[in-house]
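Participant:
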Amino acid sequence: MPQLERASQLMGIVGGFAGLLALVVELLQLRAESVPVRRGSAVLFDLVDYAVPVDAALDQIRLGVKPAVGSRLGAASALPTYVERDFDGDLRWLIAQGGFVCLHGPAASGKTRSAVEAVRSLRRGHRLFAPDGPAALRTFAEVRPSNAVVWLDDLERFLGPGGLDTPLFQRLCSPSHHDVVVIATIRDAELSRRAEVPRLRDHDAPEAADMGARLLAQIDRRRLIAVSSHLTEAERDRARSVADDAVRDALGGEYGFGESLAAGPALLERWSFGEGALFEVGRAVISAAVDCRRAGWVDPVPSSVLEALHSGYLHQSWRKRGDLPSLDAALEWASRPVMGASSCLLPLVGRTYQASDYLHDRTAVGDGPIGSAQVPDEVWRVLSEVADDDQLVRIGLAADQAQRPDIGERTWRIGADRGHPWAMMKLGMRLASIGRVDEGEQWLRRSVDAGCTPTLGPLGYLLMSRGETGEAELLLRQGAAAGDVGSMTTLALLQRRTGADSEAEHWLRQAANTGYPMAMVRLASLLSERDAVDEAAQWAKRASDAGDPEGLTMLAISQREPDRAEPLLRRAADTGQARASLGLAAIYADRGEFPRAERIARKVADTGDVMGMWMLHRLLLHRGETAEAERWLQRAAQYDPAAMTALGRRFGDQGDFHHAEVWMRRAADAQYGTAMVFLSAILISLGKIEEADQWLRRAESAGIPDATSLFATYRKAVSKPTDRQ
134 MPQLERASQL MGIVGGFAGL LALVVELLQL RAESVPVRRG SAVLFDLVDY AVPVDAALDQ
194 IRLGVKPAVG SRLGAASALP TYVERDFDGD LRWLIAQGGF VCLHGPAASG KTRSAVEAVR
254 SLRRGHRLFA PDGPAALRTF AEVRPSNAVV WLDDLERFLG PGGLDTPLFQ RLCSPSHHDV
314 VVIATIRDAE LSRRAEVPRL RDHDAPEAAD MGARLLAQID RRRLIAVSSH LTEAERDRAR
374 SVADDAVRDA LGGEYGFGES LAAGPALLER WSFGEGALFE VGRAVISAAV DCRRAGWVDP
434 VPSSVLEALH SGYLHQSWRK RGDLPSLDAA LEWASRPVMG ASSCLLPLVG RTYQASDYLH
494 DRTAVGDGPI GSAQVPDEVW RVLSEVADDD QLVRIGLAAD QAQRPDIGER TWRIGADRGH
554 PWAMMKLGMR LASIGRVDEG EQWLRRSVDA GCTPTLGPLG YLLMSRGETG EAELLLRQGA
614 AAGDVGSMTT LALLQRRTGA DSEAEHWLRQ AANTGYPMAM VRLASLLSER DAVDEAAQWA
674 KRASDAGDPE GLTMLAISQR EPDRAEPLLR RAADTGQARA SLGLAAIYAD RGEFPRAERI
734 ARKVADTGDV MGMWMLHRLL LHRGETAEAE RWLQRAAQYD PAAMTALGRR FGDQGDFHHA
794 EVWMRRAADA QYGTAMVFLS AILISLGKIE EADQWLRRAE SAGIPDATSL FATYRKAVSK
854 PTDRQ
């Protein structure tokens, strides 16, 4: 091929590493042959040369690039001169390699513009696919043309039920196909929000995250490019050399470079300050649209919804006026470009509107007319009435994260009653977490029956915690075989409780190798217990680098030296990581700083954390507060087999073998090996010789270290003169 001959000449002339780079660029810039693509509901068009005609600027705006202050919409000057960013080299290498690349940062920081420039440089002539939602993305994955760019601006629109998950991601980003690159952008606020996932009752349970959130946790952090709203000194030097008034004016602004270019502060001012009836109604419409986004509505908002909601944002004195402008007039005012750049509302097809990313972000930090207020109940109600099934799941999750669990439960119930598998899962986990276990189990089972593979992990865990380990194992193996990392990790937990550490390690490694941080942490824990300290630290660091604060905790624990572990634990505790806080409490207790340790343990225990309850129990026992210590142990024993075992031992030590048997049996039924040994000893004391022998054999076959000698020791401690030997 002539192109390859040209590439070979480049290699010969330039040689070495520079020649290799030239070859990569040369091959990536070859124009692809025409490939038929099913259009569906997506937008498909060819990228053009860098010397863009006027209509190419419109295409860039359509992709999400914001016009500059003082520009005329649709003109070539709508986009300012691009200022090279320090991360551009890394970004271009990732795009050259193909696969997934995500730029994250604040609104109006320049994420989309940087992505456009890199694509135009390296993927010229390729086809760009800009799906308008998850369904169109799946359509593309079915066809999967070669030499394609998949454009996912505002990645949150493609996450959640029916959206981008691990199997779809693997189809799009196959390691054997470097000709397809998936480029995404997401705001930091959205990225952080999706890292906050609820769990089923306790720390060991699988998350209730949707598959999109779980996917984000698995992505190699090297493929996430951070984009700051402020320029580095080197970037500012490059900007000063640009002959563009808009760029130079933005350099002198008091705000971030990107937000100044896109008139972000002016948007906030337009929304916040003004006079007259048109301003009042326009501000109310913008507020309603922003709150819809805060309530988890990621799609454009229909004008009918804004019409139903906006009056709630008007001051009482304005609501009674009979001379207010029409909704159409208010929408037109809110959609006007500010300073020739962005607008507060973006008008879209079908009389729908999208609130500005910038206004959404500023509201999240308390700015603007509604920054200090909760989303009104009326917004939740109206949205839940018009939402489709997938939207209901997102709204419920947003309500849960906004500390409105009542609204989350009500919203998920609507979706569950319609038969939506994810809504059933969310509702089931919510109900189980507040003690309505039987009803929660019913919804989880219905979700599994509807084909929702990620529900197998939570349902399996629920059954495991109740001692129904046979069915739990079947469900977890089914999920693990289907590639669900949550099921793999929970199955490993079950195997560890029975002493089958070898199989547990197999499943943890399989899940960890997909990039799943929870599996990395648990694998590090297993390796640390085995004294494989170096490998444990490596996995803990990988989890920490992936953004999991528990990875930092595990990394600290792997240090084995309190002085080295303490600063790492402090960093993790500052993120709200309960295990890190308890690690600090353990260090303080070891130093004799018991009041300080108790304060931390009590704070964690008050959140419902089982390990916090356990540590507080131990500290109170040390101080002689046996009554309160017993209460905390009783609470922990409702959920945790280790606490059940400890409580059973206390009853046994006191001669109360009836209650000792009850608690040991619960823990043993949950496949907790140590409890099997102690239960055997208690059963001997009660004269139940045959059953005692069965449990001891189960403990030995489960690989409990020194089960026989442990049995003998405890048997001696609980023996009575009347025992039948």
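Residue numbers for the sequence shown follow the working numbering, so the first one is 134 and each next one is one higher. Every residue, glycine too, gets a C-beta built ideally from N, C-alpha and C.
In terms of residues, what are the limits of the beta strand (DSSP E) holding leucine 649?
Facilitator: One point to set straight first is that residue 649 is tyrosine, not leucine, in the sequence displayed. That residue, tyrosine 649, is in no beta strand (DSSP E); it is neither H nor E in DSSP.
Participant: Compute the Euclidean distance between the alpha carbons of leucine 530 and serine 325, then round it to the nearest angstrom.
Facilitator: Cα to Cα, leucine 530 sits roughly 14 angstroms from serine 325.
Participant: Spatial neighbours of alanine 605 within its chain, please: C-beta separation below 7 angstroms, excluding the five flanking residues on both sides.
Facilitator: Cβ neighbours of alanine 605 beyond the five flanking positions: Gly593, Leu596, Met597, Leu627.
Participant: Alpha carbon to alpha carbon, how far is aspartate 456 from arginine 546?
Facilitator: Going from the Cα of aspartate 456 to the Cα of arginine 546 covers about 41 angstroms.
Participant: On the DSSP bridge assignment, give the partners of proline 480 in chain order.
Facilitator: Paired residues: Tyr486.
Participant: Ignoring anything shorter than 4 residues, give me the alpha helix (DSSP H) runs that lie fully in the region 413 to 468, in order along the chain.
Facilitator: Here the runs fully enclosed are 436 to 442, 449 to 452, 460 to 467.
Participant: Whether or not the region 422 to 433 and the region 476 to 494 are in contact is what I'm after, with contact meaning three or more pairs of Cβ atoms, one per stretch, closer than 8 angstroms; do they touch?
Facilitator: These segments touch.
Participant: So what's histidine 792 in DSSP terms, helix, strand or just coil?
Facilitator: Looking at histidine 792 - three-state DSSP - the assignment turns out to be helix.
Participant: Helix or strand or just coil, what does DSSP make of arginine 537?
Facilitator: Coil.
Participant: Give the DSSP-derived three-state secondary structure of leucine 607 in the structure shown.
Facilitator: Helix at leucine 607.
Participant: Take alanine 583 and list the residues in its own chain whose beta-carbon comes closer than 6 angstroms to its own, dropping the five residues that flank it on each side.
Facilitator: Pro554, listed in sequence order.
Participant: I'd like the list of long-range same chain contacts for glycine 238, defined as Cβ closer than 8 angstroms, with 5 residues on each side in sequence excluded.
Facilitator: Excluding positions up to five away in sequence, the list reads Lys244, Arg320, Asp321, Ala359, Val360, Ser361, Ser362.
Participant: Residue range of the alpha helix (DSSP H) that histidine 755 falls in?
Facilitator: Residues 743 to 756.
Participant: According to the Cβ coordinates, are serine 468 and serine 489 closer than 8 angstroms?
Facilitator: No, the Cβ-Cβ distance between serine 468 and serine 489 is not below 8 angstroms.
Participant: For the 8 angstroms Cβ check, are there 3 or more pairs between the region 733 to 750 and the region 767 to 779?
Facilitator: At 8 angstroms Cβ cutoff, the stretches touch.
Participant: So, helix, strand or coil for histidine 237, using DSSP?
Facilitator: It is a strand residue.
Participant: Straight-line CA distance for glycine 616 to valine 512?
Facilitator: Looking at the two C-alpha atoms, the distance is approximately 38 angstroms.
Participant: Answer with buried or exposed for proline 728, where buried requires no fewer than 16 other C-beta atoms within 10 angstroms of its C-beta.
Facilitator: Counting Cβ neighbours within 10 Å, proline 728 comes out exposed, since fewer than 16 surround it.
Participant: Nearest to aspartate 510 by CA position, among Thr485, Arg537, Tyr486, Arg484, is which residue?
Facilitator: If we check each option's Cα against that of aspartate 510, Arg537 comes out closest.
Participant: Is the beta carbon of alanine 779 sitting closer than 8 angstroms to the one on methionine 809?
Facilitator: Cβ distance not < 8 angstroms, so alanine 779 and methionine 809 don't count as in contact.
Participant: I need the DSSP call for arginine 260, collapsed to helix, strand or coil.
Facilitator: Arginine 260 falls in the strand class under three-state DSSP.
Participant: Spatial neighbours of leucine 411 within its chain, please: CB distance less than 8 angstroms, with the 5 preceding and 5 following residues excluded, ordered by chain position.
Facilitator: Around leucine 411: Pro458, Ala462, Ala463, Trp466.
Participant: Could you give the uninterrupted runs of the alpha helix (DSSP H) lying entirely in the region 535 to 617, keeping only those of 4 residues or more?
Facilitator: Runs found: 538 to 550, 554 to 566, 570 to 582, 589 to 598, 602 to 614.
Participant: What residue range is occupied by the uninterrupted beta strand (DSSP E) comprising leucine 357?
Facilitator: That run of the beta strand (DSSP E) goes 357 to 359.
Participant: Between arginine 629 and the rest of its own chain, which residues show a CB-CB distance below 8 angstroms, the 5 nearest in sequence each way excluded?
Facilitator: Cβ neighbours of arginine 629 beyond the five flanking positions: Ala637, Leu659.
Participant: Note down, one range per segment and in chain order, each alpha helix (DSSP H) of at least 4 residues found wholly within the region 238 to 323.
Facilitator: Here the runs fully enclosed are 244 to 255, 267 to 276, 299 to 305.
Participant: Relative to the C-alpha of valine 515, which candidate in Asp539, Gln487, Val438, Lys559 has its C-alpha closest?
Facilitator: The candidate whose alpha carbon is nearest that of valine 515 is Val438.
Participant: Going by the CB atoms, is the gap between leucine 384 and arginine 369 shorter than 8 angstroms?
Facilitator: In contact: arginine 369 and leucine 384 (Cβ atoms closer than 8 angstroms).
Participant: With a cut-off of 8 angstroms on the beta carbons, I'd call threonine 686 and alanine 670 a contact; round off their distance for me.
Facilitator: Between alanine 670 and threonine 686 the Cβ distance is about 12 angstroms, and since that is not below 8 angstroms, they are no contact.
Participant: Could you tell me how far apart the beta carbons of arginine 563 and glutamate 542 are, in whole angstroms, since I believe they sit closer than 8 angstroms?
Facilitator: Right, the Cβ-Cβ distance comes to about 5 angstroms (below 8 angstroms), so this counts as a contact.
Participant: At what residues does the alpha helix (DSSP H) containing isoleucine 503 begin and finish?
Facilitator: Segment: none, isoleucine 503 is in no alpha helix (DSSP H) and carries neither H nor E.
Participant: Is DSSP giving glycine 781 helix, strand or coil here?
Facilitator: Helix at glycine 781.
Participant: Go ahead and pull the three-state DSSP assignment for glycine 232.
Facilitator: Strand.
Participant: With a cut-off of 8 angstroms on the beta carbons, I'd call isoleucine 720 and glutamate 694 a contact; round off their distance for me.
Facilitator: Incorrect: roughly 10 angstroms between the Cβ atoms, too far for contact.
Participant: If you follow the alpha helix (DSSP H) that serine 362 is in, where does it begin and where does it stop?
Facilitator: Where serine 362 is concerned, there is no enclosing alpha helix (DSSP H), given that its DSSP letter is neither H nor E.
Participant: For valine 737 and serine 714, what's the separation of their Cα atoms in angstroms?
Facilitator: Rounded to the nearest angstrom, the two C-alpha atoms are 8 angstroms apart.
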